[in-house]
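Peer 1: Using the working numbering, the first residue of the sequence shown is number 1, and each one after it goes up by one. Where a beta carbon is used, it is the ideal one built from N, C-alpha and C, also for glycine. Please read all numbers here as calculations on a predicted model, not as lab measurements. My structure is below; once you've seen it, I'll send some questions.
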Amino acid sequence: MYMRRALAIAVACSTALLLQTVTTFPQNNPAAPTFYRDVLPILQKHCQNCHRPDEMAFPLITFDQAASHARAIQESVAARKMPPWLADRNFGHFSNDPSLSPGEIKILSAWAVGGAPPGDPHEAPPALRWTKGWNISAPDVVVEMPKAVALAPEGDIDYTYEIIPTHFREDHWVQMAELRPSSREHVHHAVVYIRPPDSKWLRNAPVGAPFTTAGLTDEQGRRDTHWTDSDILIVYAPGSSPEMWASGMAKFIPAGSDLVIQMHYMAMGHAATDRTSVGIVFAMKPPRQRVLTLQLTNDHFVIPPRDSDYRVEARGSLPNDATLLQFFPHMHWRGKKFEYNLIHSDGRIEPLLKVHWDFEWQLSYELADPLSLKAGTVLQAVAWYDNSSNNPHNPDPNQEVRWGEQTYEEMMVGFFDVAVAADLDKWKYFMRGTDGSAAAR
Ligand code: HEC
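As structure tokens, this is what we get:
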């Protein structure tokens, strides 16, 4: 996350100075906040990663753009709807928490109430420069779907896979990675797997062309679409941030690997095509630690009709020492809450993250202080579902709901990233240090 942190530091000084002056703003008070001096630095720091051209939300770059939304800005930040962040502030500290400070909220409100004045353009901070199209720095490699996926206008779209050869002649350590769909509004979520050359996973599936489970002729291939132990490069969902691992930590792509992209598309009422690409920035030097994405999953649940608080849990113990870096919970429309906990050997439960679920925002939560965990540490994920009519997202409270790919079915996946020794791959990590027996998951 160092890129974003650098931006934060660049603007922190100007807002910090302002905090003392922000109390009330009589009309024509020279201290009243202006766009260029006071508002723009906040928009740069907290909003423009999403609110800019070619991104997911309308631009908030120029004075006119911000002024025309001044009221809406005031309301959305006062209600803490923007920037989106779903973690309960009483548990854990997260380095990618984009929340505004109370002082920043006051500045934006006072600016809107004061008639959204522009102020002096000379007081503006330098405009942020974005690498065209990317939130990571300029990618060393862009891996793009060789063939676009055709999307039907109506109906369920089965999970769609595309295998993309990287043609890497040597092993590569990845410092940053970002996924960009060409048709963003159709993408519910995406997972990019790393398939090393010796992996048998989906071996008979087509390469360089989209396919679904039903389109595979061999039984093994169809089974493979539902399970893999391949490592994950990135998970993407609307609002999720690109991956930027701390220095000394990186993901590993062996020479000759393929990327296997699993796309969950949604029909949007009009036919479209999508050609997703993955931007990759290589590490400058080999890292000390390798980052692995693991998951706590429970796919054996039945949520009763009209139950407003149905609990599902998954737990697992770490086969070897690891440093816990970040969380990425995943549920569908009936999701309500999601927690990650550490269960101590005396039974004490230590909450690490509590998320008030909002299907619109599938976010990752990066620990500000990564946690060193010993082999045997038990991690627990707990999800709650609201299948009642009080849940505005619930398509049908009278259904019994089970695991399934579509959003009217449910999922319970607690992805989490750990850093391990650089020479451990996922398979070796799951060999228990002492007796070599494989872990359950
Ligand atoms: C993670 C991405 C993201 C960030 C960060 C973000 N927004 Fe948004 N914002 C969105 C999206 C997406 C929408 C919906 C846009 C649409 O409907 O066109 C939205 C909608 C809005 C709206 C419309 C009002 C509403 O409630 O629907 C306002 C105002 C707004 N954002 C202001 C801000 C401000 C101010 C910040 C920074 C303090 C911010 N946003 C940060 C993604 C983001």
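State the start and end residues of the unbroken beta strand (DSSP E) segment that holds Q175.
Peer 2: Here residue 175 refers to the residue found at position 175 of the sequence shown. Segment H172 to R180, the beta strand (DSSP E) holding Q175.
Peer 1: For Y429, report the span of its alpha helix (DSSP H) as first-last.
Peer 2: Along the sequence shown, read from residue 1 onward, the residue named residue 429 stands at position 429. It spans K426 to Y429 - the alpha helix (DSSP H) in which Y429 sits, taken as one unbroken run.
Peer 1: Apart from the five residues on each side of it in sequence, which residues of its chain come closer than 6 Å, Cβ to Cβ, to S437?
Peer 2: On the sequence shown, residue 437 is found 437 positions in, with the first residue counted as 1. Interpretation of S437 is limited by its pLDDT of 32, a score under 50 that renders its predicted location unreliable; no figure is taken from the coordinates.
Peer 1: In chain order, what residues place their C-beta within less than 6 Å of a heavy atom belonging to the ligand HEC?
Peer 2: Spelled out in chain order, the answer is H46, C47, N49, C50, H51, M56, A57, F58, H69, A72, I73, S76, V77, K81, M82, P83, P84, P98, L100 and G239.
Peer 1: For the beta strand (DSSP E) that A250 lies in, which residues bound it at each end?
Peer 2: Taking the sequence shown and counting its residues from 1, the one referred to as residue 250 is at position 250. That run of the beta strand (DSSP E) goes M249 to I253.
Peer 1: Of all the alpha helix (DSSP H) runs that stay within the bounds of the segment 257-300, which reach a length of 4 or more residues?
Peer 2: Listed in chain order, nothing qualifies, since the segment 257-300 has no complete alpha helix (DSSP H) run of 4 or more residues.
Peer 1: Spatial neighbours of M412 within its chain, please: C-beta separation below 6 Å, excluding the five flanking residues on both sides.
Peer 2: As a position in the sequence shown, residue 412 is number 412, starting the count at 1. Only N298, V312 and A383 meet the Cβ criterion.
Peer 1: Please report the Cβ distance between N510 and S277, rounded to the nearest whole angstrom; I am assuming they are in contact, meaning their Cβ atoms lie under 8 Å.
Peer 2: Here the chain covers residues 1 to 441 and nothing more, so residue 510 does not appear.
Peer 1: What residue range is occupied by the uninterrupted alpha helix (DSSP H) comprising L43?
Peer 2: In the sequence shown, the residue the question calls residue 43 occupies position 43. Its alpha helix (DSSP H) spans residues L40 to H46.
Peer 1: Would A421 be called buried (16 or more neighbouring beta carbons within 10 Å of its own) or exposed?
Peer 2: Taking the first residue of the sequence shown as 1, we reach residue 421 at position 421. Exposed.
Peer 1: Rank S182, P196, V187 and R402 by C-alpha distance to the C-alpha of H167 and give the top, closest one.
Peer 2: In the sequence shown, counting from the first residue as 1, residue 167 sits at position 167. Comparing Cα-Cα distances from H167 to each of S182, P196, V187 and R402, the minimum goes to P196.
Peer 1: On a CA-only basis, which of F338, L353 and Y161 is nearest Y265? Give me that one, please.
Peer 2: For this step, residue 265 is matched to residue 265 along the sequence shown. The shortest Cα separation from Y265 among F338, L353 and Y161 belongs to Y161.
Peer 1: If we call anything under 9 Å between Cβ atoms a contact, is A177 one with Q289?
Peer 2: If you number the sequence shown from 1, residue 177 lands on position 177. If you number the sequence shown from 1, residue 289 lands on position 289. It is not a contact, given that the beta carbons lie outside the stated cut-off.
Peer 1: Is the CB-CB distance between H330 and Q362 below 9 Å?
Peer 2: Residue 330 sits at position 330 when you count from the first residue of the sequence shown. Residue 362 sits at position 362 when you count from the first residue of the sequence shown. Yes, the pair counts as a contact, with Cβ atoms nearer than the cut-off.
Peer 1: Could you tell me if R80 is buried or exposed, where buried requires 16 or more neighbouring beta carbons within 10 angstroms of its beta carbon?
Peer 2: By one-based count along the sequence shown, residue 80 stands at place 80. With fewer than 16 Cβ atoms within 10 Å of its Cβ, R80 is classed as exposed.
Peer 1: Put D423 into one of helix, strand or coil per three-state DSSP.
Peer 2: As a first step, residue 423 is located in the sequence shown; it is residue number 423 there, counting from the start. DSSP places D423 in coil when its eight states are reduced to three.
Peer 1: Which same chain residues, not among the five before or five after G92, have their C-beta less than 6 Å away from its C-beta?
Peer 2: For the purposes of this step, residue 92 is taken as residue 92 along the sequence shown, with counting starting at 1. The residues are L352 and L353.
Peer 1: Less than 9 Å between the C-beta atoms of T42 and L100, yes or no?
Peer 2: Here the question's residue 42 lines up with position 42 in the sequence shown. Here the question's residue 100 lines up with position 100 in the sequence shown. Note that residue 42 corresponds to Ile in the displayed sequence, not to Thr. Yes; because the gap between Cβ atoms is below 9 Å, this pair is in contact.
Peer 1: Count the C-beta pairs between the segment 63-77 and the segment 115-132 that are closer than 8 Å, then say yes if the count reaches three, no if not.
Peer 2: Yes, the segment 63-77 is in contact with the segment 115-132.
Peer 1: With a threshold of 16 other CB atoms inside 10 Å of the CB of S345, please say whether the residue is buried or exposed.
Peer 2: Counted from its first residue, the sequence shown places residue 345 at position 345. Counting Cβ neighbours within 10 Å, S345 comes out exposed, since fewer than 16 surround it.
Peer 1: In chain order, what residues of the same chain have a beta carbon less than 7 Å from the beta carbon of G133, not counting five sequence neighbours either side?
Peer 2: Position 133 of the sequence shown, counted from the start, is the residue given in the question as residue 133. Closer than 7 Å at Cβ, skipping near neighbours: D54 and R180.
Peer 1: Would you tell me roughly how many angstroms separate the C-alpha atoms of V22 and W227, rounded to the nearest one?
Peer 2: Here residue 22 refers to the residue found at position 22 when the sequence shown is read from its first residue. Here residue 227 refers to the residue found at position 227 when the sequence shown is read from its first residue. Caution applies to V22, whose pLDDT of 40 falls short of 50 and renders its modelled position unreliable; the value that the coordinates give is listed next. So the two alpha carbons sit approximately 54 Å from each other.
Peer 1: In the segment 294-382, which residue ranges form an unbroken beta strand (DSSP E) of at least 3 residues, counting only runs that do not cross its ends?
Peer 2: Within the segment 294-382, the complete beta strand (DSSP E) runs of at least 3 residues are 310-317, 322-330, 335-343, 349-356 and 365-373.
Peer 1: My understanding is that Y340 touches L379, with C-beta atoms under 8 Å, so please give their C-beta distance in whole angstroms.
Peer 2: By 1-based counting over the sequence shown, the position of residue 340 is 340. By 1-based counting over the sequence shown, the position of residue 379 is 379. That belief holds up - the Cβ atoms of Y340 and L379 are roughly 7 Å apart, short of 8 Å.
Peer 1: According to the Cβ coordinates, are G404 and A267 closer than 9 Å?
Peer 2: On the sequence shown, position 404 is the one that residue 404 refers to. On the sequence shown, position 267 is the one that residue 267 refers to. Not in contact: G404 and A267 (Cβ atoms no closer than 9 Å).
Peer 1: Rounded to the nearest angstrom, what separates S137 and W130 at their Cα positions?
Peer 2: In the sequence shown, counting from the first residue as 1, residue 137 sits at position 137. In the sequence shown, counting from the first residue as 1, residue 130 sits at position 130. Whole-angstrom Cα-Cα distance: 8 Å.
Peer 1: Decide yes or no for the touch test of the segment 247-257 against the segment 208-218: beta carbon pairs closer than 8 Å, at least 3 of them.
Peer 2: No contact exists between the segment 247-257 and the segment 208-218.
Peer 1: Could you spell out the range, first to last residue, of the alpha helix (DSSP H) harbouring V235?
Peer 2: Position 235 of the sequence shown, counted from the start, is the residue given in the question as residue 235. Premise fails: V235 lies in the beta strand (DSSP E), D231 to Y236, not in any alpha helix (DSSP H).
Peer 1: Can H46 and P98 be called in contact, C-beta distance under 9 Å?
Peer 2: One-based indexing of the sequence shown puts residue 46 at position 46. One-based indexing of the sequence shown puts residue 98 at position 98. Taking 9 Å as the Cβ cut-off, H46 and P98 qualify as a contacting pair.
Peer 1: Smallest Cα separation from H332: which of R402, P304 and L296?
Peer 2: Residue mapping note: residue 332 aligns to position 332 of the sequence shown, counting from 1. Checked all of R402, P304 and L296; the closest Cα to H332 is R402.
Peer 1: Please classify I234 as buried or exposed, where buried requires at least 16 other C-beta atoms within 10 Å of its C-beta.
Peer 2: Here residue 234 corresponds to residue number 234 of the sequence shown, with the count starting at 1. Buried, by the Cβ-count rule.
Peer 1: Determine, using beta carbons only, whether A110 and R37 come nearer to each other than 9 Å.
Peer 2: Counting from 1 along the sequence shown, the entry for residue 110 is found at position 110. Counting from 1 along the sequence shown, the entry for residue 37 is found at position 37. Taking 9 Å as the Cβ cut-off, A110 and R37 do not qualify as a contacting pair.
Peer 1: Exposed or buried, what is F94 when buried is set at 16 or more other beta-carbons lying within 10 Å of its beta-carbon?
Peer 2: By one-based count along the sequence shown, residue 94 stands at place 94. It counts as buried.
Peer 1: Bridge partners of E162, per DSSP?
Peer 2: Start at 1 with the first residue of the sequence shown, and residue 162 comes out as number 162. E162 is bridged to I261.
Peer 1: Report the rounded CA-to-CA distance for H186 versus G256, giving the unit in angstroms.
Peer 2: Taking the first residue of the sequence shown as position 1, residue 186 is located at position 186. Taking the first residue of the sequence shown as position 1, residue 256 is located at position 256. Roughly 30 Å separates the two Cα atoms.
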